[in-house]
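Below is one structure, written out as structure tokens; comments come after it.
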Amino acid sequence: MLAAVLVGCSKPGTSISRTDAVVTASQSSAVTDTDRGKVAGFIQNGTYIYKGIPYAKAERFMPPVEVDKWEGIRSCRHFGPTSPQAVRTGYANDEISFAFDWDDGYTGEDCQRLNIWTPGINDGKKRPVMVWLHGGGYSAGSGQELPSYDGANLSRKGDVVVVTLNHRLNVLGFLDLSAFGDKYADSGNAGMLDIIAALKWVKTNIENFGGDPENVTIFGQSGGGGKVTTLTATPAAAGLFHKAIVQSGSVRGAMKREFSQRIGKAVVEELNLSSSQVDSIANIPYDRLLAAGERAVARVKKEYEKENGTANIMFGWSPVVDGRMLIEQPYVDGAPECSRDVPMIIGTTLNEFGPSVYVSALRNLTKDQAVGMVKAQYGDVADEYISVFGKVYPGYKPVDLIDTDFIFRPTAVKQADAKASANGAPVWMYMFSWQSPVLDGALRATHCMEIPFVFDNADVHASMTGGTSEAIDLADRMSMAWINFARTGNPGAEWPAYTVEDGATMWWDNDYKVTHNHDRELLDVVGKAPQRKL
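Okay, so the sequence shown: first residue is 0 according to numbering that gives the first Met the number 0, each after it adds one.
Listed below in structure tokens is the structure:
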């Protein structure tokens with residue numbers, strides 16, 4: 000019956016290749032060792048795939064510890080639980096939901112799991128290892144949430160081992176209860192400690208999966224890029240990775256303990272607990288805990304803004320400068336010494352959270368309408384902004400005035416400047432400007448758009464890229480640069496390293512190019528705008 004259905008779905012006179020769908024899964028194939036016990040994955044199109052391997056375990060708000068050893072062979076063929084989190088707000092927008100095609104899986108607090116794609120196991124080869132850290136800030140997401148995250152194409156193409164992972168998020172991963180005693184000293188960074196535990200697991204076990212524990216690249220986008228940034232400033236993570244890629248995640252700075260502890264106290268108050276009852280927070284149902292946490296963050300954020308006269312986009316659930324895991328504010332006073340010898344790639348997309356991507360009424364703005372929006376946003380420097388914008392982006396469309404990103408780009412440049420000025424390992428910078436044809440071009444080069452290209456998944460995530468020949472060609476070139484970097488620490492001869500003076504930036508588009516400090520003057524103008532003083 001199944002065969003009849005398959006034939007009935009094909010066009011007359013054509014044959015469909017099903018080789019990519021062939022799966023081998025048995026107790027004698029794709030079996031290898033970990034330090035906790037044997038695991039079994041499956042083989043698809045020559046790639047060995049493992050899902051949901053436990054890399055640690057943890058009690059609520061406590062640091063992760065090793066999982067118990069098991070007897071026999073553990074089946075690791077399906078994604079494990081993702082960290083509990085709020086309902087994804089993106090589902091309210093049908094166009095965005097279509098393009099991103101999220102897979103949120105199922106949640107559970109036992110979420111310390113990782114997934115592996117590798118060309119071979121137990122073969123004595125030492126392949127570069129690429130560990131992906133997912134986006135969603137520090138509140139949402141998972142190692143499986145986008146079709147782009149599938150590691151098979153990248154692994155097969157580059158002969159590399161790809162790892163994705165889940166870790167604790169939001170109130171479970173970043174609630175600082177340290178004001179209530181040493182027991183909770185690490186609670187504010189529990190989510191980051193999970194990631195460090197995963198990297199330690201990789202160092203101990205990845206050789207059994209065909210990987211080289213001495214050649215590990217961490218890479219991530221948005222919140223994942225922020226996690227990469229934080230890890231490069233974390234002495235406890237030194238030596239667990241050797242290269243780093245920050246994609247739209249150059250978060251300079253972290254929560255100050257003064258305010259993270261204030262949030263912790265506010266959460267306890269919201270739950271109507273006394274100081275002597277704090278331990279009972281471990282048994283509060285998650286939904287109630289999260290609601291209390293969100294109310295506490297909102298309240299303390301208002302207090303912070305009133306006291307300081309400034310806003311902080313990362314206020315709330317994020318890493319904490321706790322003097323233990325995180326000693327200093329990342330990249331605020333220069334590049335961290337603990338990652339001085341770690342080469343980096345840093346970049347952003349041209350449009351990131353461009354308003355027109357999400358509000359269809361803005362997609363056909365007239366020049367007067369766009370200028371009006373610029374004046375409302377930039378105040379006294381609006382005319383200067385428009386003038387310099389025209390020099391940097393000649394021939395621009397009116398909507399470009401509001402869609403061009405100046406949230407992620409300025410911090411990325413500052414991070415690259417700090418890294419280059421450290422005179423250690425080199426740094427390379429990119430701009431992803433390719434415009435998706437999906438939804439009549441509405442998606443532009445939006446936030447996350449580069450991910451399917453990095454993973455060589457332009458065809459896998461066609462709802463975002465369109466799956467066109469141009470997209471597939473760009474994915475081939477961009478993923479190869481990422482592979483080269485993971486293998487050698489250099490993305491390729493055509494991409495020069497970045498310096499403050501030269502500002503070399505690789506543009507990823509159908510016709511890629513290198514520019515030099517192309518928007519430094521424009522960034523200076525943007526920095527003078529009223530919202531930049533918040």
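For every residue, glycine included, the Cβ atom is placed at its ideal position computed from N, Cα and C.
query, result
"List the whole-angstrom C-beta distance separating K300 from G315, where the pair is believed to meet the contact cut-off of C-beta under 8 Å.", "7 Å"
"Whole angstroms are fine: how far does the CA of N152 sit from the CA of S478?", "10 Å"
"What does the alpha-carbon distance come out to for the pair K68 and G36?", "6 Å"
"Counting C-beta neighbours from all protein chains within 10 Å, is the total for Q84 16 or more, i.e. buried, or is it exposed?", "buried"
"Between T33, M129, V30 and V38, which lies nearest to A485 when the distance is taken from Cα to Cα?", "M129"
"Could you tell me the distance, in whole angstroms, from the CA atom of S82 to the CA atom of W433?", "32 Å"
"Kindly list the residues whose CB is nearer than 8 Å to the CB of V331, restricted to its own chain and excluding five residues on each side of it in sequence; keep chain order.", "R251 and G252"
"Nearest by alpha-carbon distance to G509: which of A444, V525, V524 and R256 is it?", "First, the residue type needs correcting, since residue 509 is Asn and not Gly in the sequence shown. Nearest C-alpha to N509: A444."
"Find out if the Cβ-Cβ distance for the pair K242, P342 is shorter than 8 Å.", "yes"
"For the beta strand (DSSP E) containing A39, list its first residue and its last residue.", "G36 to A39"
"Under the rule that 16 or more other beta-carbon atoms within 10 Å means buried, what is A474, buried or exposed?", "buried"
"Going by the beta-carbon positions, is the gap between R73 and E108 smaller than 8 Å?", "no"
"Relative to the C-alpha of A369, which candidate in E351, L400 and V391 has its C-alpha closest?", "L400"
"Would you check if the distance between the CB atom of L522 and the CB atom of V412 is smaller than 8 Å?", "yes"
"Any idea if E449 is buried or exposed, counting beta-carbon neighbours within 10 angstroms, 16 or more meaning buried?", "buried"
"Tell me the rounded alpha-carbon separation between T348 and N271.", "44 Å"
"Would V358 be called buried (16 or more neighbouring beta carbons within 10 Å of its own) or exposed?", "exposed"
"Are the Cβ atoms of G180 and R112 separated by less than 8 Å?", "no"
"Use the C-beta contact count for E70: other C-beta atoms within 10 angstroms, 16 or more gives buried, fewer gives exposed.", "exposed"
"Could you check where the beta strand (DSSP E) with R126 kicks off and where it finishes?", "R126 to L132"
"Please classify G353 as buried or exposed, where buried requires at least 16 other C-beta atoms within 10 Å of its C-beta.", "buried"
"Counting only runs of 3+ residues fully inside the segment 153 to 216, write out the beta strand (DSSP E) ranges in chain order.", "160 to 164"
"Just to confirm, is the Cβ distance from L230 to I194 under 8 Å?", "yes"
"Just confirm the distance between the C-beta atoms of V525 and P409, as a whole number of angstroms; I'd bet it's less than 8 Å.", "7 Å"
"For Y47, which option in P53, D149, K418 and V170 has the closest C-alpha, if you only look at C-alpha atoms?", "D149"
"Check for me: the beta strand (DSSP E) holding T514 runs from which residue to which?", "K512 to H515"
"Quick check: the Cα distance between T504 and P490, rounded to an integer number of angstroms?", "13 Å"
"Please say whether M324 and N165 have beta carbons closer to each other than 8 Å?", "no"
"State buried or exposed for H77, treating a residue as buried only when at least 16 other CB atoms are found within 10 Å of its CB.", "exposed"
"Going by alpha carbons, who is nearest to A470 out of A457, S462 and A480?", "A457"
"Hey, is the segment 168 to 180 in contact with the segment 201 to 209, meaning 3+ C-beta pairs nearer than 8 Å?", "no"
"Please name the residue or residues paired with E351 in a DSSP beta bridge.", "T445"
"What's the gap between the Cα of V373 and the Cα of R362?", "15 Å"
"Distance, Cα to Cα, Q536 vs S249?", "The question about residue 536 has no answer here: the residues shown for the chain are numbered 0 through 533."
"Please name the residue or residues paired with T430 in a DSSP beta bridge.", "Residue 430 is actually Met in this sequence, not Thr. Answer is T347 and W506."
"How many angstroms separate the CA atom of R17 from the CA atom of T23?", "Confidence in R17 is poor, its pLDDT being 43 and thus under 50, which makes the residue's placement too unreliable to answer from."
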